[in-house]
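Written below as structure tokens is the structure these notes are about.
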Amino acid sequence: MTERMLKFVDTGQGMPDKRAAGERVGDFDEIYKEFAVKRAEEQAARCSQCGVPFCQIHCPLHNNIPDWLHLTAEDRLEEAYEVASSTNNMPEICGRICPQDRLCEGNCVIEKGFQSVTIGAVEKFITETAFDRGWVKPVKPPRERDQSVGIIGGGPAGLAAAEQLRRKGYQIDVYDRYDRMGGLLIYGIPNFKLEKSVVERRTRLLADGGIRLHTDFEVGRDATLEELRQKHDAVLIATGVYKAREVKVPGVGLGNIFPAMTYLTASNRKGLGDKVPDFDDGTLNAAGKRVVVIGGGDTAMDCVRTAVRQNARSVSCLYRRDRANMPGSAREVHHAEEEGVEFVWLTGPEAFVGKPNVKAVRAFRMRLGAPDATGRQAPEPISDSSYRLDADLVILALGFDPEDLPVMFGAPELDVTRWGTVKVDHETMMTNLDGVFAAGDIVRGASLVVWAIRDGRDAAEAIHRHIMARAEPARVAAE
Ligand code: FAD
Ligand code: SF4
Ligand code: SF4
């Protein structure tokens, strides 16, 4: 092994500089600055090049992390980019928003007492360098094929599949009901985690590679699933999950109580320069308001941090379990606390009070009881613990379920699970309809970008095998 590596002993862990909380709450720009070349190389050199790299095993894409860290440490950045991009269609995006503490970095085995290699930040650095130096090029298939694939949904699952299939020369059409491609990368995740120009740069690259992107095209409204099946040799469903979970307490229908995606989409659209009447008239703008966000996942973290940046008077996050049992990334909770968000642990909503608009949340304290069927301790309300929390805007971030796809697509024959996710054969990724595949959140339920990319890549392979299996007998018969 090169002498350049194993530097974790005398080089401490370092992230790119983070902007001070006081500065970053004044805008929606990303909070981390870029690594300078020397610093990225120093950090990459901390890797001990494990024989069995647990970081790689726990990356859903099985990225060849030790190799690209080694190449970075040796200043062979173009090769590092080749390796990093060979397993990941969006390394600059994963480097920014993967919950690395639960994935690659959380499993880095640098000796106890030393902190993990900053894998995500190096991955972002390598890919940003590649963009700056012109190494990132649109797909150029070695040959064009006649067969076409229709992809419903232009989020990370659909776009990763599109790129992989285009590499093999297929004619690709991506249909999305929104006016921009990117799915939750554009309208869910806020700019301070992932700047929209980063997503738009990726989408442009796909269009330049010959992928046809159809925006404002809703399957179910502008075409049925059956029509797409007639038009294409295979169809991929990658529509994500968007139905907000509800909380069943009195007063939930009062004014100024909104689902998280309504609130975040308005903020993201505003940042993109769109006209957003509900934001401009103050309805979906937290400025000057006492904001209460209910939920403990990453979506809740995005809402509280958005509200802080909109100059809310106060921002509280109510979560029914404690910090240790929160589903959101610990790093995001830490950022939110730095930015002035108050976390109210072990607390649940009992009722919303006011008329016609919400004026307060009546909340009760909770304790963690016996573990439930999943092994997690179930929260139980403490009697007589009810209290009032004043609120002018309440945001519900309790998770997402799938929409009713068989109804939406006019395809009652499409099999779904009892949770409404699309049923696939996990070997072939095909649904019960011949030539119709599915990938991403619509199969797994709300998950992560990196898993959507992984599913999109796997679906692309499965679609290729399916089309080849069909083409082969026809070719043999013709000969
Ligand atoms: P989506 O990204 O949801 O894309 C689906 C696309 O399908 C959408 O563009 C939609 O318009 C389109 N579509 C739906 N129905 C139709 C139809 N009938 N016709 C045409 N098009 C249709 N993950 C992380 O890894 N890190 C994070 O920090 C993170 N933060 C998040 C923050 C928020 C607020 C949310 C909501 C999610 C976050 N996630 C995060 C999760 C991540 O965004 C998703 O797991 C991922 O985007 C799923 O990808 P997908 O392609 O399956 O679906
Ligand atoms: Fe880590 Fe995500 Fe990159 Fe994999 S894709 S190496 S999990 S940051
Ligand atoms: Fe390097 Fe850590 Fe991965 Fe080992 S686990 S190869 S030290 S990044």
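Residue 404 in numbering that gives the first Met the number 0 sits at position 405 of the sequence shown, and the numbers go up by one each step.
Beta carbons are placed, not taken as given, at the ideal position from N, Cα and C, and that holds for glycine.
Please read all numbers here as calculations on a predicted model, not as lab measurements.
Determine the extent of the beta strand (DSSP E) in which residue i is found, giving its start and end residues.
i      : result
Asp389 : Tyr386 to Asp389
Ala233 : Ala233 to Ile236
Leu212 : Arg211 to His213
Pull up the DSSP beta-bridge partners for residue i, would you.
i      : result
Met365 : Pro380
Cys316 : Val292 and Phe342
Gln170 : Ser147
Pro258 : Leu395
Pro276 : Bridge partners of Pro276: none, in fact.
Lys17  : Tyr31
Lys242 : Asp400
Gly347 : Phe363
Met429 : Phe436
Asn356 : Gly254
Apply the 10 Å Cβ neighbour rule to residue i and answer buried if 16 or more other Cβ atoms are within range, or exposed otherwise.
i      : result
Val148 : buried
Asp178 : exposed
Tyr80  : buried
His465 : buried
Ser266 : buried
Tyr386 : exposed
Ala286 : exposed
Arg95  : buried
Lys288 : buried
Met467 : exposed
Glu91  : buried
Arg23  : buried
Thr10  : exposed
Could you pull the start and end residues of the alpha helix (DSSP H) that residue i belongs to?
i      : result
Cys49  : It is not in any alpha helix (DSSP H) - Cys49 carries neither H nor E in the DSSP assignment.
Ile118 : Ile118 to Asp131
Ala306 : Asp297 to Arg308
Val198 : Lys195 to Asp207
Starting from the C-beta of residue i, find all residues in its chain whose C-beta is less than 6 Å away, skip the five residues before and the five after it, and write them out in chain order.
i      : result
Gln163 : Arg456 and Ala459
Ala156 : Ala237, Ala438, Gly439, Ala451, Asp454 and Gly455
Gly208 : Pro137, Val138 and Arg165
Ala20  : Glu337 and Glu338
Measuring alpha carbon to alpha carbon, tell me which of the options ends up nearest residue i.
i      : options                           : result
Ala306 : Gly25, Met14, Thr10 and Glu2      : Gly25
Arg220 : Met407, Glu199 and Gln48          : Met407
Thr264 : Ile185, Ile118 and Val82          : Ile185
Val357 : Leu224, Val218, Leu392 and Gly294 : Leu392
Arg361 : Gly105, Thr373 and Pro348         : Pro348
Gly444 : His425, Pro401 and Asp424         : Pro401
His463 : Asp389, Val248, Asp145 and Asn63  : Asp145
Arg75  : Tyr174, Pro98 and Thr126          : Thr126
Arg322 : Gln309, Pro370, Glu341 and Ala311 : Glu341
Short of 7 Å in beta carbon distance, which residues of its chain neighbour residue i, apart from the five on each side in sequence? Order them along the chain.
i      : result
Leu271 : Lys195
Ala72  : Arg3, Met4, Glu40, Ala43 and Ala44
Asn552 : No information on residue 552 is available, as it lies outside the stretch 0 to 478 that the chain covers here.
Leu388 : Val291, Ser315, Ala359, Val360 and Ala362
Lys269 : Val275 and Phe278
Pro326 : Gly295 and Gly296
Using C-beta distances below 8 Å, list every residue in its chain close to residue i, excluding the 5 sequence neighbours before and after it, in chain order.
i      : result
Leu404 : Ile236, Thr238, Ala410, Leu413, Val415, Gly419, Val421 and Ile441
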